[in-house]
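Reviewing the structure listed below.
Residue numbers (the numbering used here), protein chains in the order written: chain A, 1 to 265; chain B, 266 to 432.
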């Protein structure tokens, strides 16, 4: 009898508990589609399937993707510096032409193909946010990539600046700022630490900072907002991590576990 | 795959009406690629076949994220090795779970698991049960863009441990 008495309040507790905190000001974006190097992800990061899946989820407000130049000077979506291990090829994206990269597949369950920036699902991205993480350095050639080629590729994709998609460029170098600052896109600096990021923001006309969840506090986010800078937080994998990140009130949260993060929102 | 689902369902329910007996009642914890589940189940044993029907909730989603994540699970366990207090054999399971991701939407994501593996039971009246299974899993979700249901396949695993009492 005593046991039965506890069943009712326990069930009510489990089912009817509601969070009072709402984080409507923060946009939830998928990291490299629907999660970067996540064991629970259905599709490989930066694949068309992963991006489509993320944009299909009710509550996902955009995606972050990584872009690199190929030998044909077009932009391909790929995260790592080398193809080895992740795909059925070796070397760098820079070492392959468009024709060669068209046949490269990830070593994942669905064997997704690598895709070009031009192959993004533009219709699905309408009224969403697209973060383009520009890979400015080629490990294979040990050289800084020419920013002019990136600009040519952006101009070849008019969807980026048509106004239907909020496009933001992520840079981990300050050497490209002068070439991109007068373009149509906001520029965000990808910082390793808050101190380093603040130093770069002070010296260069970036619009904000992208930083790991563990590297920034709520007060630091407020400080950046106070000087008119945006904040993007990434490396959010768990429910606890998402809750912590939301409480810092960033402008964007780049999530590796989209479903968990949307539930927290 | 639907045929497999029907076969799983038939196997797991076929013996229920063929022999009148008290079921074993069990409580356990199961880990799959989505969550930890707290499960309660009832097992009916007929000769070398044990059929289990259970319900559970995803602990992470339900308790720590306050989003109700229920599941139902049917299992057939063939036990070619049966000793006095020990049984071992292959397991076939069908599990279905549902979760609402976005609180602003009434749409629900569904996961169907079709897994095979082994089941181990130790004990007489009070039994320790352990199952390890792998198999395909389908996620069915509503595409906000296409405004229709879509299904994506992946692999999953299931590690379960629990206690069962025989009346």
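The beta-carbon is built from N, C-alpha and C at its ideal position, and this holds for glycine as well. Predicted, not measured: the structure shown is a model, and the values here were computed from it.
Within the region 387–416 of chain B, those residues whose Cβ lies closer than 9 Å to any Cβ of chain A are, in chain order, 404, 406, 407, 408, 409, 410, 411, 415.
For residue 377 of chain B, there is no enclosing alpha helix (DSSP H); the enclosing beta strand (DSSP E) covers residues 374–387. Measuring C-alpha to C-alpha distances from residue 235 of chain A to each of A:174, A:44, A:258, A:218 identifies A:258 as the nearest.
Going by DSSP, residue 237 of chain A is part of no beta strand (DSSP E) at all; its letter is neither H nor E.
Straight-line spacing of the CA atoms in residue 108 of chain A and residue 191 of chain A works out to 30 Å. Under a criterion of Cβ atoms nearer than 7 Å, the residues of chain B adjacent to residue 53 of chain A are, in order, 417. Between residue 73 of chain A and the set A:121, A:32, A:52, A:100, the nearest pair of CA atoms involves A:100.
Close CB contacts of residue 35 of chain A within its chain, under the 7 Å cut and outside five residues either way in sequence, are with 41, 45, 256, 257, 258 (chain order). Residue environment analysis places residue 152 of chain A among the exposed positions, since fewer than 16 neighbouring C-beta atoms fall within 10 angstroms of its C-beta. Relative to the Cα of residue 194 of chain A, the nearest Cα in the group A:165, A:187, A:233 belongs to A:233. Within chain B, no residue has its beta carbon less than 9 Å from that of residue 112 of chain A; the closest one is some 12 Å off. Look at the region 290–324 of chain B: the residues with a C-beta under 9 Å from a C-beta of chain A are 298, 299, 322.
Pairwise C-beta distances place the region 333–341 of chain B in contact with the region 294–314 of chain B, as three or more of them are shorter than 8 Å. Residue pairing by DSSP places residue 30 of chain A opposite A:63, A:255 in a beta bridge.
Short of 7 Å from the beta carbon of residue 250 of chain A, and not among the five residues preceding or following it, lie these beta carbons of its own chain, in chain order: 26, 221, 231, 232, 233. Close CB contacts of residue 148 of chain A within its chain, under the 8 Å cut and outside five residues either way in sequence, are with 179 (chain order).
Contact residues of the region 161–180 of chain A toward chain B are absent (C-beta to C-beta distance below 9 Å). Here residue 379 of chain B is near residue 359 of chain B, since their CB atoms are less than 9 Å apart. In this structure, A:128 is the residue among A:173, A:76, A:128 with its C-alpha nearest to the C-alpha of residue 164 of chain A. For residue 225 of chain A, the enclosing alpha helix (DSSP H) begins and ends at 218–226.
Segment contact: the region 413–427 of chain B against the region 389–405 of chain B, three or more CB-CB distances shorter than 8 Å; contact assigned. Among the residues of the region 113–125 of chain A, those with a Cβ less than 7 Å away from any Cβ of chain B are 124, in the order of the chain. Counting the other CB atoms within 10 Å of its CB gives residue 246 of chain A a total of 16 or more, which places it among the buried residues.
Looking only at A:28, A:135, A:252, the smallest Cα-Cα distance to residue 80 of chain A is reached by A:135.
DSSP lists B:351 as the bridge partner or partners of residue 348 of chain B. Excluding five sequence positions before and after residue 140 of chain A, the CB atoms of its chain that fall closer than 7 Å to its own CB belong to 91, 92, 94, 95, given in chain order. For residue 68 of chain A, the number of other beta carbons within 10 angstroms of its own is at least 16, and it is reported as buried. In this structure, DSSP gives residue 263 of chain A a helical state, which the three-state scheme calls helix. Under DSSP, residue 407 of chain B forms a beta bridge with B:414. Contact check for residue 298 of chain B and residue 304 of chain B: beta-carbon distance about 16 Å, past the 8 Å limit, so the pair fails to qualify. Interface with chain B (9 Å Cβ-Cβ cutoff): residue 211 of chain A is excluded.
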